[in-house]
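For reference, the structure is listed below as structure tokens.
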Amino acid sequence: MGAQAARGEVLTFLDSHCECFDGWLEPLLARIAEQPSAVVSPKINIIDRNNLWVHKPVPRPQRYSRGNFDWRLKFGWEAVPEEELKRRKNETYPIRTPTFAGGLFAVSKSYFEHIGSYDDQMEFWGGENLEMSFRVWQCGGLLEIIPCSVVGHIFRKKSPHTFPNGSSVITRNLVRLAEVWMDDYKEIFYRLNRVAASIFKMNSFGDVSERRQLREKLRCKNFSWYLNSVYPETYVPDIRPTMYGQLENSGWQCQLDVKKTKKHWEPGQMVTCNNRIEAQYYEYTSKQEIRLSFGIKLCLHADPGKASVCLEWCHPKEKAAPEQAWIFTETNQVMNPSSGKCLAAAGGNVILTSCKSAEDSQKWAFI
0 MGAQAARGEV LTFLDSHCEC FDGWLEPLLA RIAEQPSAVV SPKINIIDRN NLWVHKPVPR
60 PQRYSRGNFD WRLKFGWEAV PEEELKRRKN ETYPIRTPTF AGGLFAVSKS YFEHIGSYDD
120 QMEFWGGENL EMSFRVWQCG GLLEIIPCSV VGHIFRKKSP HTFPNGSSVI TRNLVRLAEV
180 WMDDYKEIFY RLNRVAASIF KMNSFGDVSE RRQLREKLRC KNFSWYLNSV YPETYVPDIR
240 PTMYGQLENS GWQCQLDVKK TKKHWEPGQM VTCNNRIEAQ YYEYTSKQEI RLSFGIKLCL
300 HADPGKASVC LEWCHPKEKA APEQAWIFTE TNQVMNPSSG KCLAAAGGNV ILTSCKSAED
360 SQKWAFI
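Letter by letter, the sequence shown follows residues 0 to 366 of numbering that gives the first Met the number 0.
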């Protein structure tokens, strides 16, 4: 409603919990004047939510962050890759970003209207930033961070918003964007989000025909183009993997699991077997990897010369590393061909041991 009522040539959106530094607006306006199809965000500096202390901008920061997403369609941040840093001619040059946070940006009003503003059938809040990110890129625009524009922002621990149907409202919004912009890759999202899959099956995400017509009218590119051209660094799971889910051991009735030692999973963490409800989701890839899903590039790794099994960075090549290749046998064993040994549960541990088809502790199945 605010965008419709606005009379200026440029629309600027800012969260209420922001503090703008001197000279924050001019670089955004200058870039839009130079490139009207650019949707531009400031560099965001953190305001401490406990004491409101502001991390002040510094010239030539050691690292920049840009927006990303995982296959549950959760927005996140990552370091700007080396290739993008090299593409920039100088420190003032815009940084291209695959996605944006959505709460701090400026855009030409005419361009905003041209590409369909917001999906007005999305409810309350959530998912609109990814929907707009995909739409801008696929329909010929640019999503950029302007380093010379700096705005402070309080990052909350959790959303302060409450919705009539809880988080399923956000999930419904995500289903709408998946149905319009993600083509067959939406299957990956539905596989990782059962609530979303249920909303899709029940057809309870509203009418998206107008948004699909918009995509056709603007002659937007497909999602495969977006992944290859805008975000080639991301891991793309198989659209229809051979097997996926929790990997359960028949003998011990426990699931393959890795407990996070910190906030995130890291390479080198030992694999265990337990019956936690939150046991991780894995996929058996076309490269014969057993890969921790959610876009994290960690694979089940047979430690050479050791009995232990851990997670390590997945091999980036077309073929899996020998230590990360696994074969599911007819007797439901999981064998590492390079060592000739099989995965086994031993108490709460997961080990590599000599293959014995009669041993229930060596029998595994995706559930």
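Each residue gets a CB set at the ideal place from its N, CA and C atoms; glycine is no exception.
Query: Quick check: is any heavy atom of the ligand GTP less than 7 Å from the C-beta of K85?; Result: For the structure depicted, the ligand GTP is absent and the ligand set is empty, with no information on it obtainable.
Query: Kindly list the residues whose CB is nearer than 8 Å to the CB of K340, restricted to its own chain and excluding five residues on each side of it in sequence; keep chain order.; Result: A301, M334, L351, T352, S353, C354
Query: For P315, count neighbouring Cβ atoms within 10 angstroms of its own Cβ and tell me buried if that reaches 16, exposed if not.; Result: exposed
Query: Look up T352 in the DSSP assignment and give the residues it is bridged to.; Result: C341
Query: To the nearest angstrom, report how far apart V207 and L217 are at their CA atoms.; Result: 16 Å
Query: At what residue ranges does the stretch 272-338 contain a whole run of the beta strand (DSSP E), taking only runs of 3 or more?; Result: 281-283, 289-291, 297-301, 308-312, 333-335
Query: Taking 8 Å as the threshold (C-beta atoms), are T271 and G347 in contact?; Result: yes
Query: Beta-carbon within less than 7 Å of P35's beta-carbon, same chain only, minus the 5 sequence neighbours each way: which residues are those?; Result: S107, Y110
Query: Have a look at the DSSP bridge pairing and note the partners of V106.; Result: L10
Query: Does the Cβ of T98 have 16 or more other Cβ atoms within 10 Å, making it buried, or fewer, making it exposed?; Result: buried
Query: Which word fits S225, buried or exposed, when buried means at least 16 other C-beta atoms lie within 10 angstroms of its C-beta?; Result: Sequence check: residue 225 is Tyr here, not Ser. That one is buried.
Query: Going by DSSP, name the residue or residues bridged to Y243.; Result: E282
Query: To which residues of the same chain is K318 closer than 7 Å at the C-beta, ignoring the five residues directly before and after it?; Result: K286
Query: May I ask you to list the residues that DSSP assigns as paired with D119?; Result: DSSP, once it has assigned bridges, lists no residue as partnering D119.
Query: Apply the 10 Å Cβ neighbour rule to H152 and answer buried if 16 or more other Cβ atoms are within range, or exposed otherwise.; Result: buried
Query: Hey, quick one: how far does the alpha helix (DSSP H) through K85 stretch, first residue to last?; Result: 81-86
Query: Would you check if the stretch 168-176 and the stretch 122-135 touch, i.e. whether three or more CB-CB distances between them fall below 8 Å?; Result: yes
Query: Does DSSP put R211 in a helix, a strand or coil?; Result: helix
Query: Whole angstroms are fine: how far does the CA of T233 sit from the CA of L72?; Result: 13 Å
Query: Based on the DSSP output, what are the partners of A364 in its beta bridges?; Result: E247
Query: With a threshold of 16 other CB atoms inside 10 Å of the CB of I43, please say whether the residue is buried or exposed.; Result: buried
Query: For V149, which of K156, G205, V39, E77 has the nearest alpha-carbon?; Result: V39
Query: Measuring alpha carbon to alpha carbon, tell me which residue in W23, W70, D118, A345 is nearest A195.; Result: W70
Query: If you draw a straight line from the alpha carbon of A345 to that of Q245, how long is it in whole angstroms?; Result: 18 Å
Query: I'd like the span of the beta strand (DSSP E) that includes K42, first residue to last.; Result: 37-45
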